[in-house]
């Protein structure tokens, strides 16, 4: 009994004297079985304290020149949107922008980088232009009682957005606007109204893709994401080619996908070399003739929808990621499916192609082969990644914003 009491006493003293583990986050090793990725982190910078939460929603991390990184965070405690520019070699902050004064709870989710001089940001009610050298606000506009969109597009020094004007459950009319980045003075360039059609569908224009044709005219390609609230909510997308120089419609494709919701993450993709335009609805991929609007091919996506992911043209393929987490590519010439690879995640991605690799984020960072679609590498880190990555292929480094840290990571060499 005395031995038993002695060992029990030693055991209890050991428990009482053993120090408690530190109450702070520990970097996990998230990449098995792919790669021990912690060794590939070059540096990371804390973006928020333990008492706050950073949502990396808004600006896609972007390299300015070779040594500066532009990115944004949303801090639920200190500010709704913060834009930062840092030197990636020294990790020193160059400037920080905090001028956003929201009229609603919306954060920024539309932006356009115009050259290396200006950054244009918009929410549904606010529009800002920031000087990239100084971080100062060049101009800003508040749009009370009117709704813009979280999308935007630009061409040269011109930026495009739209406003819709409510007349009930759906917009009564929509106006497409254009402004010069230097002054932000919006000019209406195209308008549609609900009463232009006899079917009761309301208009909802989206920002355009823009190109210059052989005659030097400026051509806009954009969608009208039309909707009807009653008896049941329905959508019926139309696609426009509009000659801005001559102020006339070149062609209009009606009833592209009756009852199908269109993709609205990026404008239609224009291929000037082959005179084609590519467009996605949730369940169909379309290819149209750029000059006439005639349908060249379409492929149903009955096995996976795409409504929240962007899509792009690269290496002769139209590439996107489905809402179910599959990376998918189609031959741009024929529409034949090239690959269909399970990646993970859900419905946000911000995909881009650099060299022969596809980079995207959907809670984790993914790197895949552009020719085969095969996954090469993935990383979760501390927190989640949503807004894409900036890639410096020459120096073998990529940058991404997680929910707490800004990361610089080696690009995998295999």
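Numbering (the numbering used here), first residue to last: -14 to 399. Positions of the beta carbon are idealized from the N, C-alpha and C atoms, including for glycine. Since we're looking at a predicted model, the values are computed, not measured.
Strand pairing of residue i, partner residues [DSSP]
i, result
"residue 208", "224"
"residue 72", "53"
"residue 85", "Note: residue 85 sits in no beta bridge, so no partner."
"residue 145", "138 and 163"
"residue 267", "Note: residue 267 sits in no beta bridge, so no partner."
"residue 256", "261"
"residue 233", "228"
"residue 124", "114"
"residue 203", "197"
"residue 27", "Bridge partners of residue 27: none, in fact."
"residue 95", "107"
"residue 350", "346 and 364"
"residue 173", "162"
"residue 58", "67"
"residue 274", "261"
"residue 187", "212"
"residue 48", "54"
Where residue i falls, given that 16 or more other Cβ within 10 Å makes a residue buried
i, result
"residue 237", "exposed"
"residue 119", "exposed"
"residue 386", "buried"
"residue 200", "exposed"
"residue 374", "buried"
"residue 164", "buried"
"residue 173", "exposed"
"residue 31", "exposed"
"residue 234", "exposed"
"residue 74", "exposed"
"residue 398", "exposed"
"residue 9", "Here the model assigns residue 9 a pLDDT of 32, short of 50, so the residue's position is not dependable, and the following value carries that caveat. Under this definition residue 9 is an exposed residue."
"residue 18", "Note on residue 18: pLDDT 40, under 50, position unreliable in the model; the coordinate value appears next. By the neighbour-count rule (16 or more Cβ atoms within 10 Å), residue 18 is not buried but exposed."
"residue 260", "exposed"
"residue 28", "exposed"
"residue 327", "exposed"
"residue 97", "buried"
"residue 232", "exposed"
"residue 177", "buried"
"residue 72", "exposed"
"residue 239", "exposed"
"residue 159", "buried"
"residue 266", "buried"
"residue 314", "buried"
"residue 112", "buried"
Delimiting residues of the beta strand (DSSP E) encompassing residue i
i, result
"residue 382", "382 to 386"
"residue 314", "311 to 316"
"residue 323", "322 to 327"
"residue 305", "302 to 306"
"residue 346", "342 to 347"
"residue 285", "280 to 285"
"residue 355", "That residue, residue 355, is in no beta strand (DSSP E); it is neither H nor E in DSSP."
"residue 375", "374 to 377"
"residue 393", "390 to 395"
"residue 299", "296 to 299"
"residue 337", "337 to 339"
Best match in the options for proximity to residue i [C-alpha to C-alpha]
i, options, result
"residue 198", "206, 191 and 192", "206"
"residue 344", "376, 193, 51 and 365", "376"
"residue 43", "310, 352 and 388", "388"
"residue 372", "33, 59 and 49", "59"
"residue 208", "225, 366 and 220", "225"
"residue 188", "210, 170 and 175", "210"
"residue 78", "123, 296 and 67", "67"
"residue 316", "362, 305 and 196", "305"
"residue 349", "392, 285 and 262", "392"
"residue 401", "52, 321 and 262", "Here the chain has residues from -14 to 399 only, and residue 401 is not among them."
"residue 196", "47, 270, 147 and 228", "228"
"residue 346", "122, 307 and 139", "307"
"residue 312", "352, 107 and 121", "352"
"residue 108", "126, 309, 117 and 116", "126"
"residue 241", "269, 230, 257 and 254", "269"
"residue 362", "368, 394, 335 and 149", "394"
"residue 47", "85, 86 and 100", "100"
"residue 230", "283, 204, 93 and 161", "204"
"residue 309", "324, 117 and 329", "329"
Minimum Cβ-Cβ distance from residue i to chain B less than 8 angstroms
i, result
"residue 224", "The structure shown contains no chain B; it holds only a single protein chain."
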